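S.K.:
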Amino acid sequence: MSTAPNGRMLREAGALAAAALAGALVTAFVLSLSTPLDIGAKFSAGEGGGVGASWASNGLSESSSGSLFRAVRSRTYQGPRLFSGASPSPTKSKAMSRLPLPKGRSCKNWAVTTTIFPPTKTVNQISALADWCLVIAGDKKTPKVYNVSGSAIYLSPEDQKKLNFKTSGLLRWNHFGRKNLGFLYAIQHGARWVYDTDDDNELQRPDVGIPLPRLSAMVAEVSSSHPVYNLYPSLSTVKSSWPRGFPLDSIKDNWSTSAAVRRRAWYTRHVGVIQSLADHDPDVDGIYRLTQPLPFEFPAAGGSNDDRYGGSKQQSRRSEPGAASRSKAKAEELGLITLRAGTMMPYNAQATLHAYHALWGLLLPITVHGRVTDIWRAYFTQRLLWDLGSRIAFSTPWVTQFRNAHNYLADFNSELPLYQQSGSLVELLLKWRPTSTSIAGRLEELYILMYEVNVIGMADVQLVQAWIDDLISVGYEFPPLSPTHFGS
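Mapping the sequence shown onto full-length UniProt numbering, position 141 (from 1) lands on 141, and the numbers just tick up by one.
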């Protein structure tokens with residue numbers, strides 16, 4: 001008698017596995033809610049820099065029914081406000097050190113990543129691009145020998161100490177925030193565009209590279225007046241998908257996915273951040289990965305480069321196997337898509353292009369986990385971009401993610417602040433009316449507010465002040481506020 005599994009056996013085994021997985025998910029979530037002080041201690045001791053205790057005081061209580069996080073002031077910042085004036089200037093600092101450029105080249109377009117792995121395909125792809133330079137910010141876990149060629153430079157831990165940025169002394173090792181030094185290095189060396197990427201997001205067309213938009217182009221706009229919007233269902237092959245960091249209590253709301261889209265509604269020059277969606281293993285959260293189908297795709301446009309990237313100067317036809325057989329009409333019709341001021345969607349640090357007027361918004365907080373830091377950055381930056389008359393936009397994919405190994409339950413645990421706090425955070429940001437008269441001052445003001453409502457720790461207030469100081473010191477010019485900014 002054959003012992004090979006038949007279809008019924010496989011289905012039953014799959015059902016049992018799914019049930020076990022769901023049980024593990026529920027158990028992990030219940031445990032997380034019943035031991036807030038332990039989780040807080042973990043983050044206070046290392047990954048959270050002091051925000052963990054706020055979880056207990058903000059609603060992750062030991063009551064049987066639980067309670068909700070509310071982004072309300074529960075502590076007061078009593079430190080200095082260094083950039084509240086109209087024209088912020090750097091504080092007294094020692095001279096900046098300038099490490100040499102890769103191959104002696106000067107670039108206007110820079111890519112930045114950090115890694116704990118040897119050079120990946122992504123790193124080699126970007127280092128070979130003719131019009132780009134790449135800086136890799138190493139970490140304590142990065143291989144001691146890291147050989148890259150082309151237009152790439154590797155900043156070892158020893159190199160980073162030589163940079164003399166004020167930011168440098170505040171960053172933790174073995175944290176995603178090491179990228180912050182890469183951003184400053186790129187800006188110091190003349191970056192006009194910065195591509196923030198992970199080393200597992202491969203370019204779909206390395207011969208095309210990283211597409212820069214034509215600034216006179218006009219792009220589409222989601223006609224939603226709601227606080228958040230989820231583009232994943234309308235652009236992907238899975239209609240029940242959502243991005244990491246999207247407020248969980250809005251995922252099933254019809255208004256968060258079904259708005260009309262107006263073509264040619266916004267100029268690309270007024271877009272500060274462009275997020276490339278990612279095929280194969282997109283940026284979804286631990287709950288999605290534990291319960292929903294992967295991989296999935298965002299059917300890419302293959303025709304006119306004007307349609308694909310809002311007027312990119314570069315060609316963009318996909319050459320992935322099977323790409324031609326997928327439906328491309330919707331993505332081709334939309335190209336770049338913006339969200340109105342007053343409507344938010346999280347973006348990540350995996351394949352994100354930042355224009356010069358938004359380079360101040362690259363800062364990654366360090367008092368939260370790496371699975372949280374880029375999402376908080378996204379919400380903070382979106383809100384401040386509106387004060388410049390600028391927006392974020394999302395693009396059909398120019399990357400395919402082949403994700404480095406992760407434990408999904410560990411991802412889930414790391415992302416708890418996203419599940420608990422995102423909705424309340426968005427609500428607060430929409431109500432916030434800053435008083436500072438410069439974007440640098442408002443960036444500082446926002447971080448202070450986020451500290452006071454226990455979203456980030458004190459170390460991030462110190463970090464943003466050092467970041468602004470470093471930006472001014474390397475010659476970055478902050479953009480002026482818009483006369484008709486959000487809430488005015």
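Ideal Cβ positions, reconstructed from N, Cα and C, are used throughout, including at glycine. These numbers were taken from a predicted model, which means no experiment stands behind them.
May I ask you to report which of helix, strand or coil DSSP gives Asn-109?
M.R.: Indexing the sequence shown from 1 puts residue 109 at position 109. Correct three-state label for Asn-109: strand.
S.K.: Is Asp-199 near the ligand COA, going by C-beta to nearest heavy atom under 7 Å?
M.R.: With respect to the ligand COA, the structure offers nothing, as it holds no ligand at all.
S.K.: Could you spell out the range, first to last residue, of the alpha helix (DSSP H) harbouring Gln-465?
M.R.: Translated into positions along the sequence shown, residue 465 becomes position 465. Unbroken alpha helix (DSSP H) run through Gln-465: 458-473.
S.K.: Output the distance between the C-alpha atoms of Thr-27 and Ile-287, rounded to the nearest integer angstrom.
M.R.: Position 27 of the sequence shown holds residue 27. Position 287 of the sequence shown holds residue 287. For Thr-27, the predicted model reports a pLDDT of 41, less than 50, meaning its position is unreliable; a value from the coordinates is still stated below. In a straight line, the C-alpha of Thr-27 is about 13 Å away from that of Ile-287.
S.K.: Do the stretch 340-349 and the stretch 370-384 make contact, defined as three or more Cβ pairs closer than 8 Å?
M.R.: Segments in contact, yes.
S.K.: Please go through the stretch 190-262 and give each complete beta strand (DSSP E) segment of 3 or more residues, from N-terminal end onward.
M.R.: Taking only runs of at least 3 residues, the beta strand (DSSP E) segments lying wholly in the stretch 190-262 are 193-197, 201-203 and 218-222.
S.K.: Taking only the alpha-carbon atoms, compute the straight-line gap between His-189 and Asp-131 and give it to the nearest angstrom.
M.R.: For this step, residue 189 is matched to residue 189 along the sequence shown. For this step, residue 131 is matched to residue 131 along the sequence shown. Looking at the two C-alpha atoms, the distance is approximately 14 Å.
S.K.: Suppose the cutoff is 7 Å on Cβ atoms and the five residues either side in sequence are ignored; what does the same chain contact list for Pro-5 look like?
M.R.: Within the sequence shown, the letter at position 5 stands for residue 5. Annotation note: pLDDT 44 at Pro-5 (below 50); position unreliable, coordinate value reported separately. Cβ within range, chain order: n/a, list empty.
S.K.: To the nearest angstrom, how far is it from the Cα of Leu-443 to the Cα of Asp-279?
M.R.: Position 443 of the sequence shown, counting from 1, holds the residue named residue 443. Position 279 of the sequence shown, counting from 1, holds the residue named residue 279. Computed Cα separation, rounded: 33 Å.
S.K.: With three or more C-beta pairs closer than 8 Å as the rule, is the stretch 154-167 touching the stretch 466-475?
M.R.: Touching, per the Cβ criterion.
S.K.: Count the other CB atoms, across all protein chains shown, that sit within 10 Å of the CB of Asn-230; report buried if there are 16 or more and exposed otherwise.
M.R.: Against the sequence shown, residue 230 aligns to sequence position 230. Flag for Asn-230 reads buried.
S.K.: With DSSP collapsed to three states, give me the class of Pro-299.
M.R.: Against the sequence shown, residue 299 aligns to sequence position 299. The answer is coil: DSSP assigns Pro-299 none of H, G, I, E or B.
S.K.: Have a look at Val-284 and Arg-244 and give me their C-alpha separation to the nearest angstrom.
M.R.: By one-based count along the sequence shown, residue 284 stands at place 284. By one-based count along the sequence shown, residue 244 stands at place 244. Rounded to the nearest angstrom, the two C-alpha atoms are 4 Å apart.
S.K.: Which one of Pro-417, Leu-384, Trp-360 and Glu-445 has the shortest CA to CA distance from Phe-183?
M.R.: What you label residue 183 is simply residue 183 of the sequence shown in a count that begins at 1. Cα-wise, what sits closest to Phe-183 is Trp-360.
S.K.: Give the straight-line distance between the Cα atoms of Thr-291 and Thr-237, rounded to the nearest whole angstrom.
M.R.: As a working note, residue 291 is residue 291 in the sequence shown. As a working note, residue 237 is residue 237 in the sequence shown. Looking at the two C-alpha atoms, the distance is approximately 16 Å.
S.K.: Helix, strand or coil, according to DSSP, for Ile-274 in the structure here?
M.R.: Looking up residue 274 in the sequence shown gives position 274. The answer is strand: DSSP assigns Ile-274 an E or B state.
S.K.: Taking the runs of the beta strand (DSSP E) that are 3 residues or longer, which of them lie wholly in the stretch 111-169?
M.R.: Listed in chain order, the complete beta strand (DSSP E) runs (minimum 3 residues) inside the stretch 111-169 are 133-137 and 152-155.
S.K.: Does the Cβ-Cβ distance between Val-426 and Pro-206 come in under 8 Å?
M.R.: Sequence index remark: in the sequence shown, residue 426 carries index 426 (1-based). Sequence index remark: in the sequence shown, residue 206 carries index 206 (1-based). The answer is no: Cβ separation not under 8 Å.
S.K.: Consult DSSP for Met-344 and reduce its assignment to one of helix, strand or coil.
M.R.: By one-based count along the sequence shown, residue 344 stands at place 344. Of the three classes helix, strand and coil, the one that applies to Met-344 here is strand, per DSSP.
S.K.: DSSP on Val-426, reduced to helix/strand/coil?
M.R.: Here residue 426 is taken as the residue at index 426 of the sequence shown, counted from 1. In this structure, Val-426 counts as helix in the three-state DSSP scheme.
S.K.: Name the two residues that bound the continuous beta strand (DSSP E) containing Thr-291.
M.R.: The residue you call residue 291 lines up with position 291 of the sequence shown. No beta strand (DSSP E) holds Thr-291; the alpha helix (DSSP H) holding it covers 286-291.
S.K.: Excluding sequence positions up to five away, which residues of its chain have a Cβ less than 7 Å from the Cβ of Thr-257?
M.R.: Here residue 257 refers to the residue found at position 257 of the sequence shown. Asn-230, Pro-233 and Ser-234.
S.K.: Taking all protein chains shown into account, decide if Ala-22 is buried (16 or more other Cβ within 10 angstroms of its Cβ) or exposed.
M.R.: On the sequence shown, residue 22 is found 22 positions in, with the first residue counted as 1. With a pLDDT of 44 at Ala-22, under the threshold of 50, the modelled position of this residue cannot be trusted, and the question is left open.
S.K.: Could you give the distance in angstroms between the alpha-carbon of Asp-411 and the alpha-carbon of Phe-296?
M.R.: Locating residue 411 in the sequence shown gives position 411, where the first residue counts as 1. Locating residue 296 in the sequence shown gives position 296, where the first residue counts as 1. Cα-Cα distance, rounded: 19 Å.
S.K.: Can you check the stretch 366-447 for any alpha helix (DSSP H) of at least 4 residues that lies completely inside it and give the ranges in chain order?
M.R.: Taking only runs of at least 4 residues, the alpha helix (DSSP H) segments lying wholly in the stretch 366-447 are 370-386, 408-414 and 416-431.
S.K.: In the DSSP assignment, find the unbroken beta strand (DSSP E) run with Ala-355 in it and report its ends.
M.R.: Your numbering for residue 355 matches position 355 in the sequence shown. 351-355 is the extent of the beta strand (DSSP E) around Ala-355.
S.K.: According to DSSP, is Ala-358 part of a helix, a strand, or is it coil?
M.R.: Taking the first residue of the sequence shown as position 1, residue 358 is located at position 358. Helix, per DSSP.
S.K.: So Leu-336 is in the alpha helix (DSSP H); what residue range does that whole segment cover?
M.R.: To locate residue 336, count along the sequence shown from 1; it is residue 336. Looking at the DSSP string, Leu-336 is not in any alpha helix (DSSP H), and its letter there is neither H nor E.
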